Amino acid sequence: MIPLFTEPILAIESSCDETSAAVVQGRSILSNVVASQIEMHRQWGGVVPEAAARAHVESVLPAIQQALNQSNLVLSSIRALAVTNRPGLVGALSVGLTAAKALSVSLRIPLLGIHHLEGHISSAAILFEKMSFPHVCLIVSGGHTELVYVRSPGAYRILGQTLDDAAGEAFDKGARLMGLGYPGGREIEEAAKQGNPNRYSLPKGLSGETSNFSFSGLKTAMLRLVECEGSNLNIADAAASLQRVISDVLTERAIRASLDGGVNCLSLVGGVAANSELRRKMGAAAERNGLRFYSPPLELCTDNAAMIGLAASFRLARGQRDDVALDVLPNAPLPE
Ligand code: KG4
Ligand code: ZN
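Just so you know, this note's numbering puts 255 at position 248 of the sequence shown, and the rest follows in order with no gaps.
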């Protein structure tokens, strides 16, 4: 049995373009409020850091209040504060951290900073009872593509990562080239539903026995495809082909890393894990290879504060605490 902090934790996530607050207790999510900035950033075709920080300032207190209301708890019942303090946009992270520090000082309760990727790994914590340790976790988001050996909650080893663009970026940039909206992942998934995934041939990036990824060649190939085909480009087929190649390469590497690592369990987390074709493909490949496969519900795949609270639950149970000197870090490795 993995020890968990058993009292209510208020968690805050504001590392990029979602302001989120959640209340978790042990492995239970009592509330998980996400105030998305996607509509605002859509007009610029991507996240504008200054605008993101300003929107977090406006949304953070209402999100916290809503998270408390939905959990049927009052602020005085909260026993710890968890907040994403790394990595991410400095201005955006600072808003969440400042709110968490103020609450921790005024309520005289512990504060704990959480690494965003540890949050994504912990989004599968609601399934940890069924999962076994060690296992392999593939994190695929807008900023990261990491294959992680998870010895236990909080003990990680990076097995492989992207050498350039993240998988989510490959979706987002591909979508932009085809004139689809932002964020691109969901748009590509939607367009691909009517498309032929074998119509266009696209490169998988690195070849051979590697656990790393490279998606920049795919971006260039998409640019060339869009330029060469011009108005003849079949968007549905191009979206389906892009989704296929990304899903194939992620699936191949994740399965191989799990088999090489001698584990019998694989999890898929992060915003791109919301892609149903990727989930289906990886699930089927895992089954063929005798691996158990887990991926959290869609609302826990994209950025949210519940995953930060879940990560904190394990660390707080081990007695870990931060103080008001806690700072934000734009870049930081996953804690080993
Ligand atoms: O984890 P996340 O919400 O934020 C980061 O930490 O980056 O991931 C956002 C990424 C974006 O690149 C978005 O296009 C991608 O997740 N995404 C998807 C889908 N939904 C979101 N990619 C593929 N298919 C989806 N359904
Ligand atoms: Zn994320």
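No residue lacks a Cβ here, since even glycine has one placed at the ideal position from N, Cα and C. Nothing here was measured: the structure is a model prediction, and the numbers come from that model.
Near ligand 2: residue i beta-carbon under 7 Å from a heavy atom
i: residue 148; result: yes
i: residue 310; result: yes
i: residue 418; result: The structure shown does not extend to residue 418, since the chain is modelled only from 8 through 343, so no value can be given for it.
i: residue 48; result: no
i: residue 268; result: no
i: residue 191; result: no
i: residue 122; result: no
i: residue 316; result: no
i: residue 278; result: yes
Reduced DSSP secondary structure (H/G/I, E/B, other) of residue i
i: residue 91; result: strand
i: residue 44; result: coil
i: residue 125; result: helix
i: residue 145; result: strand
i: residue 311; result: coil
i: residue 276; result: strand
i: residue 371; result: Past the edges of the chain, shown from 8 to 343, lies residue 371, and the structure says nothing about it.
i: residue 220; result: strand
i: residue 329; result: strand
i: residue 98; result: helix
i: residue 316; result: helix
i: residue 232; result: helix
i: residue 191; result: helix
i: residue 11; result: coil
i: residue 118; result: strand
i: residue 71; result: helix
i: residue 267; result: helix
i: residue 256; result: helix
i: residue 86; result: coil
i: residue 283; result: helix
i: residue 211; result: coil
i: residue 139; result: coil
i: residue 183; result: helix
Assumed close pair residue i, residue j - CB separation to whole angstroms, cut-off 8 Å
i: residue 277; j: residue 148; result: 4 Å
i: residue 16; j: residue 319; result: 6 Å
i: residue 103; j: residue 63; result: 7 Å
i: residue 270; j: residue 142; result: 5 Å
i: residue 92; j: residue 100; result: 6 Å
i: residue 213; j: residue 229; result: In fact, because the Cβ distance is near 17 Å, the residues do not count as touching under 8 Å.
i: residue 134; j: residue 153; result: Wrong, their Cβ atoms sit about 19 Å apart, outside the cutoff.
i: residue 315; j: residue 57; result: Contact flag wrong, Cβ pair sits at about 23 Å.
i: residue 192; j: residue 175; result: 6 Å
i: residue 247; j: residue 199; result: 4 Å
i: residue 220; j: residue 181; result: Not quite, the Cβ-Cβ distance comes to about 15 Å (not below 8 Å), so this is no contact.
i: residue 184; j: residue 256; result: Not confirmed; about 19 Å, so no contact.
i: residue 34; j: residue 341; result: Not a contact, Cβ separation roughly 21 Å.
i: residue 355; j: residue 31; result: The question about residue 355 has no answer here: the residues shown for the chain are numbered 8 through 343.
i: residue 210; j: residue 225; result: 6 Å
i: residue 75; j: residue 114; result: Rounded, the Cβ-Cβ distance is 12 Å, inconsistent with contact.
Near ligand 1: residue i beta-carbon under 7 Å from a heavy atom
i: residue 179; result: yes
i: residue 304; result: no
i: residue 70; result: no
i: residue 144; result: no
i: residue 103; result: no
i: residue 175; result: yes
i: residue 281; result: yes
i: residue 259; result: no
i: residue 196; result: yes
i: residue 272; result: no
Residue(s) in a DSSP beta bridge with residue i
i: residue 20; result: 27
i: residue 177; result: Its beta-bridge partners do not exist; DSSP assigns none.
i: residue 162; result: 159
i: residue 36; result: 31
i: residue 299; result: 272
i: residue 153; result: 146, 168
i: residue 53; result: In DSSP, residue 53 forms no bridge with anything.
Neighbourhood of residue i by C-beta distance below 8 Å, restricted to the same chain and skipping five residues each side
i: residue 119; result: 87, 88, 89, 90, 319, 322, 323, 327, 328, 329
i: residue 60; result: 96, 98, 99, 101, 102
i: residue 306; result: 39, 41
i: residue 158; result: 140, 141, 164
i: residue 262; result: 273, 289, 292, 293, 296, 298
i: residue 266; result: 296, 298
i: residue 325; result: 10, 161
i: residue 240; result: 185, 232, 233
i: residue 254; result: 282, 284, 285, 288, 289
7 Å Cβ shell around residue i - same chain, five flanking residues per side excluded
i: residue 77; result: 38, 40
i: residue 338; result: 94
i: residue 223; result: 171, 172
i: residue 112; result: 331
i: residue 70; result: 26, 27, 28, 40, 42
i: residue 218; result: 154, 166, 167, 260, 264
Cβ-based neighbour list, residue i, same chain, cut-off 6 Å, excluding 5 preceding and 5 following
i: residue 150; result: 173
i: residue 178; result: 191, 192, 195
i: residue 14; result: 86
i: residue 268; result: 143, 156
Residue i CB to nearest heavy atom of ligand 4 below 7 Å
i: residue 212; result: Ligands displayed in this structure: ligand 1 and ligand 2; ligand 4 is not among them.
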